[in-house]
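Notes to accompany the following structure.
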Ligand SMILES: [Zn+2]
Ligand SMILES: [Zn+2]
């Protein structure tokens, strides 16, 4: 399947609900920032030079060693994709919104593997941003895959590297390992019991950052949070990965405990909340993006606690991406006004849930 | 709270920009946030990190900054002022050229100015060997101080071997 057909398919490997600790951790991501020696960083780069980088990378991904490491990958320039396709790539977490913030769409590109586990952004803030995205808690594995890709690319590309400061990046916050690891976690239990405030205060103290995936602070729509490392210099890759891993395990334990307590002591209220959410998703005629996120979060909680059997975690993950504005627009085939979007969104959710058991 | 751009829908995306030390809060609805590209799914964990950096660099850092005598990177031409504006360096060489004020900045961000992570296989040059040498020397010191002389002798031999290798392979 070509890259463009793949984009349209709402499923990405990271949405697979069958993964370690998937009841709390939706996905794990490792990203490496790399630049090529003797080229200015992208924002200082001429068109010609930027093109040279794309060509060099094209050769590097077709290299036998790269293919052996991560399988076949396809490169596309931003200019070859429609605005909606680009936005879908953002919603599938394959590229950053920053990659799209440009008039230089000829000289920006992305590389994606068939299963969308591995991707590379080209000429965003750095020349290359290697990414591995896996379902559930799999930070070590994601780091391993990223390292394989990195080693393979380094066979043909000369990286900007200094012995003292490590991999050199456009922004000094990424210098050193150039490594950013993150987990996307679903924390309805901690949001309901208020434990989230404590967590939001604790995480920055251990060198990590946390933010709501949609919205900020405790008002994160869909109760989805991203936790990632802040420091990239002076720590080894293993230390960075295990640091986030340890904290994530604590977060998982607290979240599970919160859910169990809610289920034990406020069972009626919790069940009512979940079933209402499920009912609304199945029958509503208008759904805003935020409401959908909130309802999906409630339904997921019911599924995780085991009393709601219908929807699979994978379907719920798909629905998160499917109900974002870009997909709705893609479905409608034109730029739709928000009000009409809400009606389309409700229709889409109804379709997806209609054949499921109660 | 209403979205401050369209004044129509509820503001659901909240974020703080720090520009030159000035904090500015933004409250937007999902649609407007998307237009503004403050996007829900962002790669960088901190939104507007660059503005944040610029804030960190601000006048309150107490560095002496002489206008008209602005530092400029010889390789790419980036000026210190541009870095303060964008939070981005222009090229690999900038790290050398601006090291006088970059070092304190890096220390504030990372708590250190020494890379201890991965070294690229092919383009890492002798970095790997140098780090190995450093490690061996530390081990040697420990072995000597703990009177593990047999081990120390072995370590000393390996150090000599490695030093010879580096001399031959050196530029
Ligand atoms: Zn608005
Ligand atoms: Zn420079």
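Chains as they are written, first to last, in the numbering used here: chain Z, 1 to 358; chain H, 1001 to 1171.
From the three backbone atoms N, C-alpha and C, an ideal C-beta is built for every residue, glycine too.
Keep in mind it's a predicted model, so treat the numbers as computed, not measured.
Looking at chain H, is there any beta carbon in it that lies within less than 7 Å of the beta carbon of residue 342 of chain Z? no
Check each residue of the region 231-261 of chain Z: if its Cβ is closer than 9 Å to any Cβ of chain H, include it; give the result in chain order. 231, 232, 233, 234, 235, 236, 237, 238, 239, 240
Touch check for the region 183-197 of chain Z and the region 257-265 of chain Z: three-plus C-beta pairs under 8 Å? yes
Any heavy atom of ligand 2 closer than 6 Å to the CB of residue 1076 of chain H? Because some heavy atom of ligand 2 lies under 6 Å away, the Cβ of residue 1076 of chain H counts as near it: yes.
Just to check, is the beta-carbon of residue 1093 of chain H closer than 6 Å to a non-hydrogen atom of ligand 2? yes
Give me the Cβ distance between residue 119 of chain Z and residue 131 of chain Z, rounded to the nearest whole Å; I'm assuming they're in contact under 8 Å. 5 Å
Is residue 104 of chain Z close to chain H? Criterion is C-beta to C-beta, closer than 7 Å. no
So with CB distances below 9 Å, who are the chain H contacts of residue 35 of chain Z? 1091, 1092
Going by the CB atoms, is the gap between residue 1152 of chain H and residue 1162 of chain H shorter than 7 Å? no
Within a Cβ cutoff of 8 Å, which residues of the same chain sit near residue 94 of chain Z, ignoring the five residues on either side of it in sequence? 12, 110, 112, 116, 119, 131, 133
Is it right to say residue 352 of chain Z is buried, meaning 16 or more other beta carbons lie within 10 angstroms of its own, or is it exposed? buried
Straight-line Cα distance separating residue 144 of chain Z from residue 162 of chain Z: 23 Å
Assuming residue 233 of chain Z contacts residue 128 of chain Z (C-beta within less than 8 Å), just tell me the rounded distance between them. With a beta-carbon spacing of about 19 Å, residue 233 of chain Z and residue 128 of chain Z fall beyond the 8 Å limit used to define contacts.
Determine whether the Cβ of residue 280 of chain Z lies closer than 7 Å to any Cβ atom of chain H. no
For residue 1039 of chain H, count neighbouring Cβ atoms within 10 angstroms of its own Cβ and tell me buried if that reaches 16, exposed if not. Low local confidence applies: a pLDDT of 36 at residue 1039 of chain H is under 50, so the model's placement there is unreliable, and no value is given.
Do residue 1117 of chain H and residue 177 of chain Z have their C-beta atoms closer together than 7 Å? yes
Start-end ranges of the alpha helix (DSSP H) lying completely within the region 1093-1142 of chain H, minimum 4 residues: 1094-1097, 1099-1110
For residue 112 of chain Z: DSSP bridge partner residues: Z/74, Z/119
Can you name the residues of chain Z whose CB is closer than 7 Å to the CB of residue 1109 of chain H? 172, 173
Could you pull the DSSP bridge partners for residue 33 of chain Z from this structure? Z/129
Measuring only the C-alpha atoms, how far is residue 222 of chain Z from residue 277 of chain Z? 12 Å
Output yes if chain H places a C-beta closer than 7 Å to the C-beta of residue 177 of chain Z; else output no. Yes - at least one Cβ of chain H is within 7 Å of the one on residue 177 of chain Z.
I want to check one thing, is the minimum distance from the CB of residue 1073 of chain H to the heavy atoms of ligand 2 below 6 Å? yes
Give a yes or no on whether the minimum CB-CB distance between residue 186 of chain Z and chain H is below 7 Å. no
Within 7 Å, strictly: CB atoms of residue 355 of chain Z and residue 287 of chain Z: no
Going along chain Z, which residues have a C-beta under 7 Å from residue 1078 of chain H? The contact set of residue 1078 of chain H on chain Z, defined by CB atoms closer than 7 Å, consists of 44 in chain order.
For residue 344 of chain Z and residue 90 of chain Z, I'd like the C-alpha separation in whole angstroms. 21 Å
Check whether chain H comes within 7 Å of residue 338 of chain Z, counting only Cβ atoms and requiring the distance to be less than that. yes
With 16 as the cutoff for other CB atoms within 10 Å, does residue 265 of chain Z come out buried or exposed? exposed
Measure from the alpha carbon of residue 414 of chain Z to the alpha carbon of each residue in Z/251, Z/245, Z/207, Z/240, then state which is nearest. One cannot answer for residue 414 of chain Z here, as it falls past the ends of chain Z, which runs 1 to 358.
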